[in-house]
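Protein chains in written order, with the numbering used here: chain A, 871 to 1182; chain B, 17 to 237.
Beta carbons: idealized from backbone N, C-alpha and C, even for Gly.
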């Protein structure tokens, strides 16, 4: 997306200054995906491609419904189909999860990004990639705990769901939510979506899904895309949704305070070298050294093959 | 005393010793230039405060694109340098002695140190350290070179590679700071690599064992 939207920025990648927060209302938005109501029609995928004017390549069928087979630089959302035999009930369950950016409150992509302003987090919670600042390094791919960003092979920029930040900026809901025929995708303030989720979870529990719950993982500070799951205790069965996602400690070590220590070490070495010279002075060759060398060369000249010597 | 009066004789006998041939010098400076460009472009993507360095390379995307290719040039150039110099950099007893007297080394009191061959222990540590780090940097750099090696390893391995790449790069830059400073501090060293020759006095003072070999005529680079 472009950086010219009427949304206020809360956090900006690779920036040491904090954006102004005067206009911040603290109102956070969220998309609620009720997996128990999803029928797998892929209207959300079509709406996403249409609104963002993207085209996916025609692929091949490998025997599963997932189409395309993974998120791509064009497909920012994807229905992932999982077949699961419930060992407790003996029922076969068809779990369909709409995968895409979770819009983490603590975004690993933003933390890893080296390019100032290529990834921003708006005050409403949306995490957006600003393409003109993106340099295509794929650090965001390493930073993301959900394996979401994809680098385009055409323009080498990173792409992912924008949560339709351009629509939200003008008071509209995301295209996928608008297209969903069963209202499995809902959009509103985060508080409203949590309330809505509570009602759905109560309903699911009354119908035998004792472990139904809201997926809003605390490890990444909560997300602005949340799932209602019938089996919150086993998120992995939904095509590998991580149970306790968090920014990898490797990424934190790489892009956290470690980098300041590293630069400090370099500065210390350079300044230390300067002052070593200031204190000890240059290590100079003396005339005696030159004379000794000349004597040695003469000895060598007498006793064997001639070394390269000359008299100035 | 404010004024020190030193009397110098007008005629001084001078000797010169050949230290590096033309191809070794070219090889070294290609390696040095490549390393410098790699350090600048790498640091640009390492810390936000240094992102401005990407302007030297024509912007962020170009920096991202050039950096790994510079790495390919570096490892190729360093490999030749390695073949050239490794046999002179084997550790011996004098080197252990040199390390134990590191206090005399930093004070510049070389008359207390053992006579040394072509390289001292510090130079040898820079040589082997740089060699090891360049291999680590190349291997980790390859797997995070997304343009050509995307998906070669898992994202978890990629994260580890990125971290190790950064740490190895910092260590390598530290070694090169030591290397460059040693060249500045020990007067007469730089001309060995720019002109190929050092004065006999320089060799006498810093690498006497090497000078003795050269004087006997059994030295070679």
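Could you please give me the residues that DSSP links to residue 968 (chain A) through a beta bridge?
Looking at the DSSP assignment, residue 968 (chain A) forms a beta bridge with A:949.
Where does residue 977 (chain A) land, buried or exposed, given buried means 16+ other C-beta within 10 angstroms?
Label assigned to residue 977 (chain A): buried.
Along the region 145-163 of chain B, where does the CB come closer than 8 Å to a CB of chain A? Name the residues.
Under the 8 Å Cβ criterion, the region 145-163 of chain B contributes 160, 162 and 163.
Can you give me the Cβ contacts of residue 941 (chain A) inside the same chain, cut-off strictly under 6 Å, excluding the 5 residues immediately before and after it?
So the qualifying residues of the chain are 948 and 1020.
Distance check for residue 114 (chain B) and residue 182 (chain B), CA to CA, integer angstroms please.
Looking at the two C-alpha atoms, the distance is approximately 31 Å.
Nearest to residue 207 (chain B) by alpha carbon, out of B:33, B:232, B:190 and B:178?
Closest option to residue 207 (chain B), Cα to Cα, is B:33.
Do we get a CB-CB distance below 9 Å when we pair residue 971 (chain A) with the residues of chain B?
Not an interface residue.
What residues in the region 975-995 of chain A bring their beta carbon closer than 7 Å to a beta carbon of chain B?
Taking 7 Å as the Cβ-Cβ cut-off against chain B, the residues of the region 975-995 of chain A that qualify are 984, 985 and 986.
Which residues of the region 169-193 of chain B have a Cβ closer than 7 Å to any Cβ of chain A? Give them in chain order.
Hits within the stretch, in order: 171, 174, 175, 176, 178, 179, 182, 186, 189, 190 and 193.
Which residues mark the beginning and the end of the beta strand (DSSP E) in which residue 997 (chain A) is found?
997-999 is the span of the beta strand (DSSP E), which, as asked, contains residue 997 (chain A).
Is residue 34 (chain B) helix, strand or coil by DSSP?
Correct three-state label for residue 34 (chain B): strand.
Taking DSSP as the reference, what is the three-state secondary structure of residue 1179 (chain A)?
Any answer about residue 1179 (chain A) is weak, because its pLDDT of 47 lies below 50 and its placement is not dependable; what the coordinates show is given next. In this structure, residue 1179 (chain A) counts as coil in the three-state DSSP scheme.
Leaving out five residues on either side along the sequence, give the residues of the same chain with a beta carbon under 7 Å from the beta carbon of residue 981 (chain A).
Result list for residue 981 (chain A): 1013, 1117, 1121 and 1125, in chain order.
Which of the three DSSP states, helix, strand or coil, is assigned to residue 935 (chain A)?
In the structure shown, residue 935 (chain A) sits in coil (DSSP, three-state: anything other than H, G, I, E or B).
Check whether the Cβ of residue 238 (chain B) lies closer than 9 Å to any Cβ atom in chain A.
The requested residue 238 (chain B) does not occur in the structure, where chain B is confined to residues 17 to 237.
Which chain A residues sit within Cβ distance under 7 Å of residue 63 (chain B)?
Those within 7 Å of residue 63 (chain B) in chain A are 1129 and 1133.
Residues of the region 1092-1124 of chain A with a CB closer than 8 Å to any CB of chain B: list them in chain order, please.
Here the close residues are 1118, 1120, 1121, 1123 and 1124.
Please list the segments of the alpha helix (DSSP H) lying wholly inside the region 1112-1181 of chain A, counting only runs of 4 or more residues, in order along the chain.
With a minimum length of 4 residues, the continuous alpha helix (DSSP H) runs that stay inside the region 1112-1181 of chain A are 1119-1125, 1128-1150 and 1157-1173.
With DSSP run on the structure shown, which of helix, strand or coil describes residue 1028 (chain A)?
Looking at residue 1028 (chain A) - three-state DSSP - the assignment turns out to be strand.
Where does residue 111 (chain B) fall in DSSP's three states?
The answer is helix: DSSP assigns residue 111 (chain B) an H, G or I state.
Please report whether the beta-carbon of residue 943 (chain A) lies at a distance below 9 Å from any beta-carbon of chain B.
So no, residue 943 (chain A) is outside the interface.
Along the chain, where does the beta strand (DSSP E) that runs through residue 147 (chain B) open and close?
Taken as a continuous stretch (DSSP letters only), residue 147 (chain B) belongs to no beta strand (DSSP E), being part of the alpha helix (DSSP H) at 137-159.
If you follow the beta strand (DSSP E) that residue 899 (chain A) is part of, which residue opens it and which one closes it?
Where residue 899 (chain A) is concerned, the enclosing beta strand (DSSP E) stretches over 899-904.
Using a Cβ-Cβ cut-off of 7 Å (strictly less than) and excluding sequence neighbours within five positions of residue 956 (chain A), which residues of its own chain qualify?
For residue 956 (chain A), where only same-chain residues beyond five positions count, the Cβ hits under 7 Å are 963.
Alpha carbon to alpha carbon, how far is residue 242 (chain B) from residue 1150 (chain A)?
The requested residue 242 (chain B) does not occur in the structure, where chain B is confined to residues 17 to 237.
By Cβ distance, which residues of its chain are closer than 7 Å to residue 237 (chain B), with the 5 residues on each side in sequence left out?
Bear in mind that a pLDDT of 44 at residue 237 (chain B), under 50, signals an unreliable position, so the model cannot answer this.
With respect to the beta strand (DSSP E) encompassing residue 992 (chain A), which residues constitute its N-terminal and C-terminal limits?
Looking at the DSSP string, the run of the beta strand (DSSP E) that includes residue 992 (chain A) is 989-992.
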